[in-house]
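Quick notes on the structure that follows.
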Amino acid sequence: MSQSDDLADDLQSMSFGSSDRSGSVSSGLSRSTSAATVAALGKLSDAAGVDAPTSCREQICRRRAAESGRELLSPSDLRFVRRLGSGDIGTVYLAEVKCRAPVAPPQRGCEESAAAPRVVAVKVMDKKELSARNKKGRARTERDILESLDHPFLPRLYGCAESELWSCLLTEFCPGGDLHVLRQRQTGKRFDEAAVRFYAAEVVAALEYLHMMGIVYRDLKPENVLVRSDGHIMLTDFDLSLKGDDASATPAQLVSRRGRHRSSPPAAAPFAAACILPSCIAPPSRKKKEEKKQLGRWGDLELVAEPLKVRSTSLVGTHEYLAPEIISREGHGSAVDWWTLGIFVFELLYGATPFRGADHVHTLANVVARALEFPKESSLSSSSAAKDFITALLVKDPARRLGATTGAAAVKRHPFFAGVNWALLRCAKPPYVPPPSPTTTSIAAAGDRSLVSMEFY
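For the sequence shown, position 107 (counting from the first letter as 1) is numbered 107 according to full-length UniProt numbering, and the numbering increases by one without interruption.
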């Protein structure tokens with residue numbers, strides 16, 4: 001029996017367990033999946049027709065209501081259209097959720113279903129390969145993290161599927177591609193500073209949330225920052241992330257903006273519950289400002305996510321983005337995310353990473369030993385605030401790096417972000433909004449033709 005037949009038979013026996021949340025495509029993918037696998041997926045999905053269009057989220061909500069238990073989606077509910085790409089631990093396919101007649105009215109909480117995507121990205125992982133390459137732990141960590149996330153700049157699962165041979169994740173398809181491809185399309189292959197500030201601010205908000213959840217991302221790079229349909233970003237690919245247990249999750253601390261006082265939030269403080277989430281959630285109202293004046297000494301404090309206590313000595317990541325402490329294997333924590341933010345901002349501004357060498361060995365040597373230098377060409381000029389921001393992030397000693405003491409709170413206060421309204425990031429106008437994503441009708445009409453640019457993934 002061919003691999004194509006094996007996969008088709010196995011996927012037919014799968015049940016897809018739906019998550020309670022919607023989210024973004026993951027770009028962590030497997031290089032071993034063959035063209036026969038794509039054919040098998042297409043053959044499997046062609047067994048059923050395409051009915052009247054509706055949204056993915058509405059379909060899932062209706063079925064959840066009907067079953068009054070854990071949502072189950074069979075592979076016949078999905079039409080695999082095309083492989084989007086492959087990476088280290090899986091392969092991602094563009095797929096369509098086939099829509100049938102409603103089996104029950106939508107549940108409460110599904111009101112926004114009309115705006116939900118009608119296509120999804122399905123990440124398929126070969127369990128035998130994961131086991132042979134000792135990658136099962138990474139796949140499990142990624143799934144655990146995706147199931148726990150609830151943030152506008154981070155992915156959330158539609159559902160997952162398990163069988164004897166395959167493990168699948170259903171996530172949102174991001175039609176804007178990634179920032180690496182988008183940068184290549186810019187004049188001079190670099191973004192202007194305003195665009196860099198926009199993308200960096202949203203990345204900082206996402207990292208702040210991850211650190212508060214006890215997660216060190218460890219794989220920030222333009223390829224892992226996707227552009228959603230509204231132009232805002234979505235971090236993806238969490239198989240390299242470091243997830244601590246509940247005991248290692250970062251504590252919430254109240255820190256004086258003038259650096260005079262630090263304390264855990266008092267249980268009776270009237271603002272304690274409202275301040276648990278990062279400051280990008282809601283703008284302060286006039287009433288809140290008046291209440292703040294009445295809080296006495298507490299009014300001058302802000303909530304910060306302190307650096308995580310979780311540590312690792314693993315050598316993981318992309319060579320040009322590795323922090324010195326990862327290369328030296330002396331142990332690393334959340335400070336590595338602020339180092340990669342510095343490399344990320346440098347690349348978006350100047351079109352290249354700062355420590356790239358002739359090969360991987362020279363690149364790693366440069367990261368550890370070479371001083372940071374900025375391009376001298378006048379065409380690559382940037383503001384002094386941008387250079388100072390990058391310099392503060394790319395300090396080789398993690399204890400002296402920007403964000404090492406008070407995390408994202410210190411990063412957000414840097415002059416590079418002057419004028420950024422952290423409470424209204426979701427309302428800011430993106431530098432680029434992709435064209436409308438494929439609909440159910442356009443997918444059906446496209447047949448075997450690619451619906452997305454392969455370079456995106």
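Beta carbons are placed, not taken as given, at the ideal position from N, Cα and C, and that holds for glycine. This structure is a prediction, so every number in the text was calculated from the model and none was measured.
Figure out for me which residue from the options has the closest Cα to the Cα of residue i.
i	options	result
L364	D388, Y321, V81 and T406	Y321
A195	R413, A386 and V411	A386
L170	L179, P155 and H180	P155
V150	K127, A206 and A423	Note on residue identity: the sequence assigns Asp, not Val, to residue 150. Among K127, A206 and A423, the Cα nearest to that of D150 belongs to A206.
P152	S229, D359 and A352	S229
Y432	V227, G333 and A418	V227
H319	D337, F355 and Y350	F355
S379	T141, G188 and S148	G188
L394	N421, V225, E325 and E147	E325
L341	G177, V420, C160 and K412	K412
P398	F346, G351, S334 and A409	S334
A200	K396, A428, F344 and N224	F344
H414	G403, A423 and L240	G403
V97	I89, W422, F80 and D178	F80
S241	W339, E223 and L210	L210
R218	A132, E162 and W338	W338
G85	A410, D178 and P436	D178
I390	G357, Y350, E377 and N134	Y350
A428	G419, L78 and P435	G419
A410	A392, A423, Q184 and E330	A392
R183	V225, E162 and C174	V225
P434	P175, A95 and A323	P175
L78	R133, A95 and G87	A95
N366	T353, P375, E377 and A423	T353
F346	D359, E373 and G357	E373
Per DSSP, residue i forms a beta bridge with which residues?
i	result
H319	Beta-bridge pairing links H319 to no other residue.
K396	DSSP lists no partner for K396.
R82	L94
A121	L94 and T171
Does residue i come out as helix, strand or coil in the three-state DSSP assignment?
i	result
K136	helix
L364	helix
R257	Any reading at R257 is ruled out, since the residue's pLDDT is 47, under 50, leaving its predicted position unreliable.
residue 480	Residue 480 is absent from the model: the chain starts at 1 and stops at 457.
K243	strand
E172	strand
K189	helix
E129	helix
K221	coil
R370	coil
L226	strand
L402	coil
L179	helix
G407	coil
R426	helix
S378	helix
S167	strand
I276	Summary for I276: the model assigns pLDDT 35, below 50, so the residue's position carries little reliability; its value from the coordinates is reported in the next sentence. Coil at I276, not helix or strand.
E330	coil
S68	Confidence in S68 is poor, its pLDDT being 38 and thus under 50, which makes the residue's placement too unreliable to answer from.
M213	coil
L235	strand
I281	Unreliable positioning characterises I281 in this predicted model, as indicated by a pLDDT of 39, which lies under 50. The coordinate reading is nonetheless provided below. In the structure shown, I281 sits in coil (DSSP, three-state: anything other than H, G, I, E or B).
G159	strand
D388	helix
S148	helix
T340	helix
L154	coil
P415	helix
A358	coil
residue 479	The requested residue 479 is not part of the displayed model; the chain covers only 1 to 457.
V141	The amino acid occupying residue 141 in the given sequence is Thr; Val does not appear at that position. Helix at T141.
Would you check if the distance between the CB atom of residue i and the CB atom of residue j is smaller than 8 Å?
i	j	result
S382	E202	no
K127	L165	yes
Y93	V124	yes
E172	A121	yes
R426	H232	yes
S361	S328	Before going further, note that residue 361 is Val rather than Ser in the sequence given. The answer is no: Cβ separation not under 8 Å.
K243	T406	no
R143	C168	no
R197	F417	yes
For residue i and residue j, which I take to be in contact (beta-carbon distance under 8 Å), what is that distance rounded to the nearest angstrom?
i	j	result
F238	L348	At roughly 21 Å, the Cβ-Cβ gap does not stay under 8 Å, so F238 and L348 are not in contact.
V216	V336	7 Å
I89	L130	6 Å
M213	S148	7 Å
A408	E208	4 Å
Compute every distance between the C-beta of residue i and the non-hydrogen atoms of the ligand ATP, then say whether any falls below 7 Å.
i	result
R83	The ligand ATP is not part of the structure shown, which contains no ligands of any sort.
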